[in-house]
């Protein structure tokens, strides 16, 4: 009888610990919330990479489109900015063999790094793109993001 009582108590303890563990589990929900060390512009929501010809029948299969969304709590028709203190990066591994059974090795063959300046009076941010490919670094600057006012006026794209 004593052994059965011990087994029941031990089973209850394991069940209790299991429930406590389940309650404490957390997962990414595209919004980690704002904290002192991580603001809205540092919360990445979705990342997409696809070939241009997958979306546009006249697009080139050699062009890749990269999309990175931030600001999970953004409201429509509000101006938001990228952090001027952060580096936003895409890490790309090349697969030389078109055989789909070949697994990527996870190397950083190409890194695309985006850095943004502080917003100017027109609410645009200067963009600096740094590419790191096969150990060679190339830094390109001079473009600007599209402000909400430019978008409303039909002036889209990097200016």
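In the numbering used here, the protein residues as written are 1243 to 1401.
Just so it is clear, CB atoms sit at the ideal spot from N, CA and C, and this is done for glycine as well.
Practice prompt. Classify residue 1288 as helix, strand or coil using the three-state DSSP reduction.
Written response: To locate residue 1288, count along the chain shown from 1; it is residue 46. If DSSP states are grouped into helix, strand and coil, residue 1288 belongs with the strands.
Discussion item. Taking only three categories from DSSP, how would you classify residue 1259?
Written reply: The count along the chain shown starts at 1 and reaches residue 1259 at position 17. The predicted model places residue 1259 with a pLDDT of 45, which falls under 50 and marks its position as unreliable; any figure quoted below should be read in that light. If DSSP states are grouped into helix, strand and coil, residue 1259 belongs with the helices.
Worksheet item: Apart from the five residues just before and just after residue 1256, which ones in its own chain have a Cβ nearer than 6 Å to its Cβ?
Response: Locating residue 1256 in the chain shown gives position 14, where the first residue counts as 1. Low local confidence applies: a pLDDT of 48 at residue 1256 is under 50, so the model's placement there is unreliable, with the coordinate-based value given in what follows. Around residue 1256: no qualifying Cβ.
Practice prompt. For my contact list, residue 1355 and residue 1329 are in at a C-beta cut-off of 8 Å; report their separation, rounded to the angstrom.
Written response: Numbered from 1 along the chain shown, position 113 holds the residue referred to as residue 1355. Numbered from 1 along the chain shown, position 87 holds the residue referred to as residue 1329. 5 Å between Cβ atoms; contact.
Worksheet item: Between residue 1389 and residue 1366, is the Cβ-Cβ spacing less than 7 Å?
Response: As a working note, residue 1389 is residue 147 in the chain shown. As a working note, residue 1366 is residue 124 in the chain shown. Going by C-beta atoms, residue 1389 is nearer than 7 Å to residue 1366.
Discussion item. Let me confirm a value: residue 1290 is counted as buried when at least 16 other C-beta atoms fall within 10 Å, else exposed. Which label applies?
Written reply: For the purposes of this step, residue 1290 is identified with residue 48 of the chain shown, where counting begins at 1. With fewer than 16 Cβ atoms within 10 Å of its Cβ, residue 1290 is classed as exposed.
Worksheet item: Rounded to a whole number of angstroms, what is the C-alpha to C-alpha distance between residue 1378 and residue 1327?
Response: Along the chain shown, one-based indexing puts residue 1378 at 136. Along the chain shown, one-based indexing puts residue 1327 at 85. Going by the C-alpha atoms only, they are around 24 Å apart.
Discussion item. Please report the distance separating the alpha-carbon of residue 1362 from that of residue 1286.
Written reply: Along the chain shown, read from residue 1 onward, the residue named residue 1362 stands at position 120. Along the chain shown, read from residue 1 onward, the residue named residue 1286 stands at position 44. Put simply, the backbone Cα of residue 1362 is about 23 Å away from that of residue 1286.
Worksheet entry | Range of the contiguous alpha helix (DSSP H) that encloses residue 1393 | Taking the chain shown and counting its residues from 1, one reaches residue 1393 at position 151. Taken as a continuous stretch (DSSP letters only), the alpha helix (DSSP H) holding residue 1393 covers 1390-1394.
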